[in-house]
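Contents: one structure, followed by commentary.
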Amino acid sequence: MNQVDSNYYGPQGTPTAILLYSFLQNSTDTHFLPELCALKNQLLPSRTLSDDEELQTDGNRLGTPQSREPVPDEEIFQIIGAQLAEIGDKLAAEMEPSIIHSLAQQFMTENMSKEEMTRQMSQAVQELLKRMPLDMEQEKAMLVIAMALAKKVANKVPALLQQVFSITVNYINRNLHDYVNNLAPES
Numbered sequence: 001m002n003q004v005d006s007n008y009y010g011p012q013g014t015p016t017a018i019l020l021y022s023f024l025q026n027s028t029d030t031h032f033l034p035e036l037c038a039l040k041n042q043l044l045p046s047r048t049l050s051d052d053e054e055l056q057t058d059g060n061r062l063g064t065p066q067s068r069e070p071v072p073d074e075e076i077f078q079i080i081g082a083q084l085a086e087i088g089d090k091l092a093a094e095m096e097p098s099i100i101h102s103l104a105q106q107f108m109t110e111n112m113s114k115e116e117m118t119r120q121m122s123q124a125v126q127e128l129l130k131r132m133p134l135d136m137e138q139e140k141a142m143l144v145i146a147m148a149l150a151k152k153v154a155n156k157v158p159a160l161l162q163q164v165f166s167i168t169v170n171y172i173n174r175n176l177h178d179y180v181n182n183l184a185p186e187s
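Counting from 1, one number per residue, gives the positions in the sequence shown under the UniProt record's numbering.
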């Protein structure tokens, strides 16, 4: 998978993509920083101003309407992702290496469908959820475990970061969509 799957994030990303990116960016002991920078360029492509647009001091453009709508609460999801990274760093240290190795092997399998990869991610999350009794609500534990798994697999094989990112976003959107969307306080 060479490109980040645009079905899961538009030009600026969805809350899930922003959350996961922030989590990975703020995690400690990462070995995939070049790949993470490439991922950021795909999630948040720089946009040049056209001749009839002017950048305002608040970051908005004056002139023609923007072709994309800004993601609400983007900054809040970045902050939450950074906070969850602290929890994820602690959990990642307790994860059984055999589960990480097995999941990394699955991600390296050629011709495996996105559905099957998402199922493998789900099984790994469930297995770790059983083995790691956590003092937090189940949805939060599942979210942090999924993101920590993504970090651990990407650390093991940095070239898999984009694929792991896409599958993790897919897993979170399918299983924890409402939970993630409710993380941001109502304005």
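Note that the Cβ used here is the ideal one computed from N, Cα and C, for glycine as well.
Where the alpha helix (DSSP H) containing residue i begins and where it ends
| i | result |
| --- | --- |
| Ala184 | Note, Ala184: premise wrong, no alpha helix (DSSP H); not H, not E. |
| His101 | Pro97 to Met108 |
| Pro133 | Premise fails: Pro133 is in no alpha helix (DSSP H) and is neither H nor E. |
| Asp89 | Glu74 to Glu94 |
| Ser22 | Pro15 to Asn26 |
| Ala38 | Leu33 to Leu43 |
Inter-residue Cα distance where the pair is residue i and residue j
| i | j | result |
| --- | --- | --- |
| Glu137 | Gln162 | 28 Å |
| Met121 | Thr168 | 7 Å |
| Leu19 | Leu84 | 9 Å |
| Met108 | Ala148 | 18 Å |
| Asp51 | Pro34 | Note that Asp51 scores 40 on pLDDT, short of 50, meaning its location in the model is unreliable; the coordinates nonetheless yield the value given after this. Their backbone Cα atoms lie some 33 Å apart in a straight line. |
| Glu75 | Glu110 | 36 Å |
| Pro158 | Pro185 | 34 Å |
| Met142 | Asn175 | 9 Å |
| Gln25 | Glu116 | 27 Å |
| Arg131 | Ala150 | 18 Å |
| Met112 | Leu160 | 14 Å |
Option nearest residue i by Cα separation, candidates the options
| i | options | result |
| --- | --- | --- |
| Cys37 | Val144, Phe165, Glu96 and Ala93 | Phe165 |
| Leu183 | Met95, Lys151 and Glu139 | Glu139 |
| Pro97 | Glu127, Ile87 and Ile79 | Glu127 |
| Val153 | Arg119, Pro133 and His31 | His31 |
| Arg135 | His177, Ile80, Leu160 and Ile87 | At residue 135 the sequence reads Asp, which differs from the Arg that was named. Selected option, being the one with the closest Cα: Ile87. |
| Gly81 | Leu176, Lys130, Ala150 and Tyr21 | Tyr21 |
| Asn181 | Phe77, Asn41, Phe23 and Met112 | Phe77 |
| Met95 | Leu24, Pro133 and Met117 | Pro133 |
Residues of its chain near residue i, where Cβ-Cβ distance is below 6 Å and the 5 sequence neighbours each way are ignored
| i | result |
| --- | --- |
| Thr28 | Asp89 |
| Gln106 | Gln120 |
| Ser187 | Below a pLDDT of 50, predicted positions are generally treated as unreliable, and Ser187, at 49, falls in that range; the measurement from the model is reported next regardless. Result list for Ser187: empty, nothing under 6 Å. |
Neighbourhood of residue i by C-beta, 8 Å cutoff - its chain only, sequence neighbours within 5 removed
| i | result |
| --- | --- |
| Lys156 | Ile100, His101 and Ala104 |
| Ala93 | none |
| Ile79 | Ser22 |
Residues near residue i in its chain [Cβ-Cβ closer than 7 Å; skip 5 each side]
| i | result |
| --- | --- |
| Ala146 | Met121, Val125, Thr168, Tyr171 and Ile172 |
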